[in-house]
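FYI, this note's numbering numbers position 35 of the sequence shown as 41, with every residue one higher than the one before it. Heads up, the thing below is written out as structure tokens.
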Amino acid sequence: MEIIEYTPEWKEKWDQFVLESNNGTMFHLQKFFDYHKPGKFNFNHLIFLEKGNIVAVLPGSIINGTLFESPIGASYGSIVTKDVKFTKALEIVQTLIEYGKSKGWKEILLTSAPRVYERYPNENLDFAMLWLGFKYDLHYISSAIKLFPERDIISRFQQTVRRNVRKTLKDPDIRVEMND
């Protein structure tokens, strides 16, 4: 596995990889980074390649030559992957560490997107980072309920809550709109 620096020639492949990834968000797309006024940020995005194919991308910037920070100019950053196994996550993180050392980095600061944005729950990347010496600076907690049309969410609530929901829905002054 090798890491190369992002160049505009990779834009289409980068964005396609993010769209097909397990943990990528709109904040990882080059289309999003292009939104910023040129020169506002000094981007140093990285692409992880294996036999010429993208296996991970990492948006970010090098600060003062010794700190790699992700995100820069976005809410979330960190390494974007497919739904990888632990061994692959470990290889990706190890490759990043070795790359950073070769560039003289002293610190790598990553802010991942909340788990609710993952296609499939997968903590292998986090475990690989912890295994290889990364530490949490902050740890955010996010909650969400995935609404599946075939799943009756209301039945999971206590009876009094269900009754109040039904009562509220019958109130003529309250309108509920649903989007497809």
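Ideal Cβ positions, reconstructed from N, Cα and C, are used throughout, including at glycine.
query                                                                                    : result
Selection from Asn29, Ile103, Glu18 that minimises the alpha carbon distance to Asn128   : Asn29
Cβ contact (3+ pairs, closer than 8 Å) linking the segment 127-141 and the segment 38-49 : no
For Glu15, the three-state DSSP class (helix, strand or coil)                            : helix
Simplified DSSP state of Val86, which is helix, strand or coil                           : strand
8 Å Cβ cutoff met for Thr117 and Ser148                                                  : no
Separation of Gly66 from Ile78, as counted between CA atoms                              : 5 Å
Minimum Cβ-Cβ distance from Gly83 to chain C less than 8 Å                               : Here there is only one protein chain, and chain C is not present.
Beta carbon of Ala80 nearer than 8 Å to that of Phe33                                    : yes
N- and C-terminal bounds of the beta strand (DSSP E) containing Leu64                    : 59-64
Where the alpha helix (DSSP H) through Glu104 begins and ends                            : 92-108
Assigned exposure category for Ala150 - 16 Cβ within 10 Å defines buried                 : exposed
Candidates His42, Asn59, Lys176, of which the one nearest Gln22 by Cα                    : Asn59
Rounded C-alpha distance that separates Leu144 from Val86                                : 19 Å
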